[in-house]
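Working notes, structure below.
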Amino acid sequence: MNQKISHWVFNITSWTLLVWTILFAIVAFENSNLKSKFSTLEQGHNLGFGYVQELTKRPIKNTFAYLVTYSFNSSTGVLFISNELIDYELYKKMRLGDSIEIYRKEVNILGQSSAISKIKSNSEAPPLLENLFLLCLVGEIVLLLSWVGSFSFKAWEQLHQKYPSVGK
Numbered sequence: 041m042n043q044k045i046s047h048w049v050f051n052i053t054s055w056t057l058l059v060w061t062i063l064f065a066i067v068a069f070e071n072s073n074l075k076s077k078f079s080t081l082e083q084g085h086n087l088g089f090g091y092v093q094e095l096t097k098r099p100i101k102n103t104f105a106y107l108v109t110y111s112f113n114s115s116t117g118v119l120f121i122s123n124e125l126i127d128y129e130l131y132k133k134m135r136l137g138d139s140i141e142i143y144r145k146e147v148n149i150l151g152q153s154s155a156i157s158k159i160k161s162n163s164e165a166p167p168l169l170e171n172l173f174l175l176c177l178v179g180e181i182v183l184l185l186s187w188v189g190s191f192s193f194k195a196w197e198q199l200h201q202k203y204p205s206v207g208k
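Positions in the sequence shown are counted from 1; adding 40 to them yields our numbering.
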């Protein structure tokens, strides 16, 4: 096999791993930042009202997931729409158009101005950026394994390279 191919594969996987590591670091930082902001959501003057727009019951494995969509205004007057998983007891009490008490806070997520919110009496945990974090983590592991493989192949090729003999 041509030696240039192993160098090309190694260089491509190295650069891809570098770029993916930077993206993974950004997502991990934003996820931890969002967790800290969400933990302080119930403190201070973040209490407000939202209006239920949609209630959904979705089957998941052997149970059901209850999803509510509600809208609320920020302190600047911007209308936000939020989806949240709720427990069954809260699902039974809610009706379309009901006003609900929520905690809300304006934040920047990946450079975008947005808002986070939580229904006051909800016991379900928010997903935040966990799915994106796990996707980036799996991608990081796959790229790291491919980088190790390409490095091993490049080293093996270097060890078994045949040098031309100098003839007299």
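Glycine included, C-beta positions come from ideal geometry on N, C-alpha and C.
Neighbourhood of residue i by C-beta distance below 6 Å, restricted to the same chain and skipping five residues each side
| i | result |
| --- | --- |
| ILE121 | SER111 |
| SER24 | Lying outside 41 to 208, the shown extent of the chain, residue 24 is not represented and no answer is given. |
| GLU146 | SER114, ALA155 |
| SER139 | PHE89, TYR91 |
| ARG135 | none |
Residue environment, residue i, which counts as buried when at least 16 other CB atoms sit within 10 Å
| i | result |
| --- | --- |
| VAL108 | buried |
| THR103 | exposed |
| THR53 | buried |
| ILE100 | exposed |
| PHE89 | exposed |
| PHE69 | exposed |
| LEU199 | exposed |
| GLU94 | exposed |
| SER190 | buried |
| LYS44 | exposed |
Which residues DSSP lists as bridging residue i, in chain order
| i | result |
| --- | --- |
| GLN152 | ILE149 |
| TYR106 | LYS97, ILE126 |
| ASN171 | Answer is none; ASN171 lacks a bridge partner. |
| GLY90 | ILE140 |
| PHE112 | PHE120 |
| LYS158 | TYR143 |
Other residues of its chain near residue i: CB distance less than 8 Å, five sequence neighbours each side excluded
| i | result |
| --- | --- |
| LEU74 | VAL147, ILE149, ILE156, LEU168, LEU169 |
| SER161 | LEU130, GLU141 |
| LEU172 | VAL67, ASN71 |
| TRP60 | CYS176, GLY179, GLU180, LEU183 |
Same chain only: Cβ atoms within 7 Å of residue i, ignoring 5 sequence neighbours per side
| i | result |
| --- | --- |
| GLU82 | TYR143 |
| ILE62 | none |
| LYS97 | PHE104, TYR106 |
Do the segment 125 to 134 and the segment 73 to 88 touch if we need at least three Cβ pairs shorter than 8 Å?
No, because fewer than three Cβ pairs between the segment 125 to 134 and the segment 73 to 88 fall closer than 8 Å, the two stretches do not touch.
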